[in-house]
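Report on the following structure.
Residue numbers (the working numbering): 128 to 217.
Okay, here's the thing in structure tokens:
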């Protein structure tokens, strides 16, 4: 990293972080919704369904929750990337 300018050393790509967070959170919500069909994680799904409209312990409900999770995770990842870059540029 000796050829990298000092202003670039600690920067994160907010778009890349948004995509990564979105994929991870979306898949986690999707799998949790499908696992809840067996009875495991019902409490988590019921709490999250109050935030994510259409999310339920069904096959389609898991997909809907996964889509919600992707968008929420992407927004959160982008925000974390922007805040990190702002703090590290000082």
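Backbone N, C-alpha and C fix where the C-beta goes; we use that ideal spot for every residue, glycine too.
Predicted model only: the values in this text are computed from it and were never measured.
- Distance, residue 152 Cα to residue 139 Cα: 19 Å
- Message: Tell me the DSSP secondary structure of residue 205 in three-state form.
- Response: helix
- Message: If you measure between the beta carbons of residue 182 and residue 204, is that distance less than 8 Å?
- Response: no
- Out of 154, 197 and 192, state which residue places its alpha-carbon closest to the alpha-carbon of residue 172. 192
- Would you mind reading off the limits of the alpha helix (DSSP H) that contains residue 167? That residue, residue 167, is in no alpha helix (DSSP H); it is neither H nor E in DSSP.
- In whole angstroms, what is the alpha-carbon distance linking residue 188 and residue 137? 39 Å
- Task: For residue 209, collect the residues of the same chain with a Cβ closer than 6 Å to its Cβ; drop the 5 residues on either side in sequence, then sort them by chain order.
- Result: 141
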